[in-house]
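Student: In my numbering, the protein residues as written are 93 to 262.
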Amino acid sequence: MFENAVKVINFVNWSLVVAMIAVGISSWQMWVQRKHNRVSVTPHLSEHTRTSVNNGVISLQFNIANNGIGPAFINSFTVLHNGKKVDKDTDVPQLVAGRAKVNILHSSTHWLAKGASLAVNERLTLFSLDVGQGREYLKQELETAFNEYDLVMEYSNAYKEHFVFDTRED
Numbered sequence: 093m094f095e096n097a098v099k100v101i102n103f104v105n106w107s108l109v110v111a112m113i114a115v116g117i118s119s120w121q122m123w124v125q126r127k128h129n130r131v132s133v134t135p136h137l138s139e140h141t142r143t144s145v146n147n148g149v150i151s152l153q154f155n156i157a158n159n160g161i162g163p164a165f166i167n168s169f170t171v172l173h174n175g176k177k178v179d180k181d182t183d184v185p186q187l188v189a190g191r192a193k194v195n196i197l198h199s200s201t202h203w204l205a206k207g208a209s210l211a212v213n214e215r216l217t218l219f220s221l222d223v224g225q226g227r228e229y230l231k232q233e234l235e236t237a238f239n240e241y242d243l244v245m246e247y248s249n250a251y252k253e254h255f256v257f258d259t260r261e262d
């Protein structure tokens, strides 16, 4: 009878060891899955400046896109001119055109507020400017004036991890 009791205790000990190993492996799998989930919602912002001359009209656009695999939640949006913060009421395309003293056909400014978001593959035109008298030297002058401006955006992913997009880091 004593031998049967030892066998039962021995069996229980091995069951406990196997159960503890299973708990350890499950915990490790949960950690790996959580790490993967964080990577799978990481946004990536990129910028693209487009200039063209068509039928005497110079078009200048500054676009931003979320090329990541998760939404970007905007925490702050700052435009700088030669390192100094620009007020949100400022019409950047108007300032650029005013410096070059050209005839503005169309301009638009799109500021992002705190709490705004960029979905995956979403692209926004933040600043656009169309001017007449489109000669090549004016195009270069507008590009030079526009390059005096920088954009700094702080944004986060769904897990509240923070990222910074800064055009000064090019």
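Glycine included, every Cβ here is placed at the ideal spot set by N, Cα and C.
Can you give me the Cβ contacts of residue 157 inside the same chain, cut-off strictly under 6 Å, excluding the 5 residues immediately before and after it?
Tutor: Answer for residue 157: 138 and 215, listed in chain order.
Student: Assuming contact is defined by CB atoms lying nearer than 7 Å, are residue 249 and residue 162 in contact in what I supplied?
Tutor: Yes, they are a contact pair.
Student: Using the Cβ count rule (16 or more neighbours within 10 Å means buried), how would you classify residue 160?
Tutor: It is buried - the Cβ of residue 160 has at least 16 other Cβ atoms within 10 Å.
Student: Leaving out five residues on either side along the sequence, give the residues of the same chain with a beta carbon under 7 Å from the beta carbon of residue 211.
Tutor: The answer, listed in chain order, is 158 and 163.
Student: Taking DSSP's pairing of strands, which residues face residue 134 in a bridge?
Tutor: Bridge partners of residue 134: none, in fact.
Student: Classify residue 184: buried if its beta carbon has 16 or more other beta carbons within 10 angstroms, exposed otherwise.
Tutor: Label assigned to residue 184: buried.
Student: Have a look at 202, 195 and 153 and flag the residue whose alpha-carbon is nearest the alpha-carbon of residue 181.
Tutor: Residue 181 has its Cα closest to that of 202, out of 202, 195 and 153.
Student: Identify which residue in 220, 192 and 110 has its Cα closest to the Cα of residue 230.
Tutor: Cα-wise, what sits closest to residue 230 is 192.
Student: Quick one: grab the DSSP three-state call for residue 251.
Tutor: DSSP places residue 251 in coil when its eight states are reduced to three.
Student: In whole angstroms, what is the alpha-carbon distance linking residue 243 and residue 117?
Tutor: Going from the Cα of residue 243 to the Cα of residue 117 covers about 46 Å.
Student: For residue 113, does the count of other Cβ atoms within 10 angstroms reach 16, so buried, or fall short, so exposed?
Tutor: So residue 113 counts as exposed.
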